[in-house]
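The number in the working numbering is simply the position in the sequence shown, starting from 1, with 5 added. Below you'll find the structure, written out as structure tokens, and then a few comments.
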Amino acid sequence: MIIGLTGGIGSGKSVVANIFNTIGINTIDADSLAKNALNVDSPGYKQFINTFGHDYIGLDKKINNSKLRQEIFINNDLKTSLEKIIHPIVRNNIAKLISLSNSPYHIVEVPLIYETNSSKNYDRVLVVDCDEDLQIKRATKRDSSNENEIRNIMQNQATRSQRLSIADDIIDNTQSIESLRNTVTEIHNFYLNLLKESS
């Protein structure tokens, strides 16, 4: 069973993924895989240069991510072209990591399940939810960003109600870390029961 774990910026997705990991569940961070998909001299990097040329390549041969990120926010065609390179590589790597694991089920942390219309790739979608004010508070503290930067990122992500509309399961992350651990443990047991019922 493959669980897609999602939530907006600052919702606590990574904290939830870490808790699953500490109880022995295989967790895969799709964002990390996406970043590594364009490592220097990788097939993704070569495809990137074939598509975009050297405009975003620095003197160290690395892709200038901040320049790329700024342009993606204003240029949807650029974003789509980049996703066509990255998404197949990420999907491939997720499948490889799952095949190498003997975890009873797998958690794939994907910030943009709703936005990429990829909920069908998962057996269940688990949404980490909290209100927008809390998202902003957490994200500004974690990323040393200002509120406007975080709001810009949020405007390019699904709304809270859009994310909740694709959820099979929801974690309310507005309480203490202890409460969050308890909720994750409950959901973990629920998933184990689902697996028993289906076998």
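We put the CB at the ideal spot given by N, CA and C, even for glycine.
Using the C-alpha atoms, what's the distance from LEU131 back to VAL113? 10 Å
Bridge partners for HIS111 per DSSP, in chain order? ILE7 and ASN31
Measuring CA to CA, which of CYS135, ASN151, ILE90 and PRO48 is closest to LEU185? CYS135
With 16 as the cutoff for other CB atoms within 10 Å, does LYS72 come out buried or exposed? exposed
What is the DSSP secondary structure of ILE62, reduced to helix, strand or coil? strand
First and last residue of the uninterrupted alpha helix (DSSP H) at ASP174: No alpha helix (DSSP H) holds ASP174; the beta strand (DSSP E) holding it covers 174 to 177.
So HIS111 and ILE8 are supposed to be a Cβ contact under 8 Å. How far apart are they, rounded? 7 Å
Which residues DSSP lists as bridging LEU117, in chain order: DSSP lists no partner for LEU117.
Starting from ASP134, trace the alpha helix (DSSP H) both ways and give me its first and last residue. Unbroken run through ASP134 is the beta strand (DSSP E), 129 to 134; no alpha helix (DSSP H).
Assuming ILE79 and HIS193 make a contact with CB atoms under 8 Å, what is their CB distance in whole Å? Contact flag wrong, Cβ pair sits at about 41 Å.
LYS18, buried or exposed, once every other Cβ within 10 Å from all chains shown has been counted against 16: buried
Residues near GLU152 in its chain [Cβ-Cβ closer than 7 Å; skip 5 each side]: ILE141 and THR145
Which word fits GLY58, buried or exposed, when buried means at least 16 other C-beta atoms lie within 10 angstroms of its C-beta? exposed
CA-CA distance, ASP177 and VAL133? 6 Å
With a cut-off of 8 Å, do at least 3 Cβ pairs link the stretch 41 to 53 to the stretch 85 to 100? yes
If you reduce the DSSP assignment to three classes, tell me which class ILE171 lands in. coil
Rounded straight-line distance, which links the Cα of THR190 to that of SER124: 23 Å
Alpha carbon of ASN198 to alpha carbon of PRO109, nearest angstrom: 11 Å
Between the Cα of ILE77 and the Cα atoms of ASN157, LEU200 and PHE195, which residue gives the shortest distance? ASN157
What does DSSP give as the partner residue(s) for GLY68 in the beta ladder? Inspection of the sequence shows that residue 68 is occupied by Ile rather than by Gly. Note: ILE68 sits in a beta bridge opposite ILE62.
Ignore the nearest five residues each way along the sequence and tell me which others in LYS67's own chain have a CB closer than 7 Å to its CB. VAL45
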